[in-house]
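Colleague: Residue numbers (my numbering): -6 to 123. Just so it is clear, CB atoms sit at the ideal spot from N, CA and C, and this is done for glycine as well.
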Amino acid sequence: MAHCVVSEAEALLDKEFPVLDKGFVRLVDYLGSDSRIVQAARVSYGEGTKSFRQDKGLIAYLMRNDHTSPFEQVNFTFHIKMPIFVARQWIRHRTARVNEISGRYSVMADEAYIPAMEHINLQSEDNKQG
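In structure tokens, the structure reads:
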């Protein structure tokens, strides 16, 4: 299967989407498409996928039934700038490979995320989770 070009992803490449006060998300690269997911599923499920004539139906079936491994065939590379507290929570619950700026080898920007007053809340008295 040759490398595919996805017009929707191409339109997003290198565009920064602002997040919070100083952060952003930018799609740097991608590999794969719906056809890659379908190919992986058909290899995995063999003759069992013949009941799904169209790729869209097979993808919907995979999602509905939590068959997630074919979706792992598609990769995205993002450049993301986020506050440390967001990174620690996000990366803790990730399925990804991560590189970050090293404070040992780089001059770090003197900045911090300071939430707007309307986003500051007190801890709930009845929900101890947050």
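Taking Cβ to Cβ, would you say residue 21 is nearer than 8 Å to residue 12?
Modeller: no
Colleague: Consult DSSP for residue 84 and reduce its assignment to one of helix, strand or coil.
Modeller: helix
Colleague: Contact between the region 45 to 59 and the region 28 to 37 is defined here as three or more beta-carbon pairs at a separation below 8 Å; is this criterion met?
Modeller: yes
Colleague: Does residue 5 come out as helix, strand or coil in the three-state DSSP assignment?
Modeller: helix
Colleague: Assign residue 6 to one of two classes, buried (16 or more other C-beta atoms within 10 Å of its C-beta) or exposed (fewer than that).
Modeller: exposed
Colleague: I believe residue 15 touches residue 74 by the beta-carbon criterion, under 8 Å. Please report the beta-carbon distance rounded to the nearest angstrom.
Modeller: Correct: roughly 7 Å between the Cβ atoms.
Colleague: The alpha helix (DSSP H) that contains residue 55, what's its start and end?
Modeller: Boundaries of the alpha helix (DSSP H) around residue 55: 48 to 57.
Colleague: With DSSP as the reference, please indicate the residues paired to residue 23 in a beta bridge.
Modeller: 69
Colleague: Would you call residue 0 buried or exposed, if buried means 16 or more other Cβ atoms sit within 10 Å of its Cβ?
Modeller: exposed
Colleague: Measure the alpha-carbon distance for residue 111 versus residue 78 and round it to whole angstroms.
Modeller: 19 Å
Colleague: Examine the ligand ZN and report whether any of its heavy atoms sits within less than 7 Å of the Cβ of residue 33.
Modeller: Of the ligands one can find in the structure shown there are none, so the ligand ZN has no counterpart to examine.
Colleague: Determine the contact status of residue 96 and residue 66, defining contact as a CB-CB distance below 8 Å.
Modeller: Against a cut-off of 8 Å, the Cβ pair of residue 66 and residue 96 comes out as no contact.
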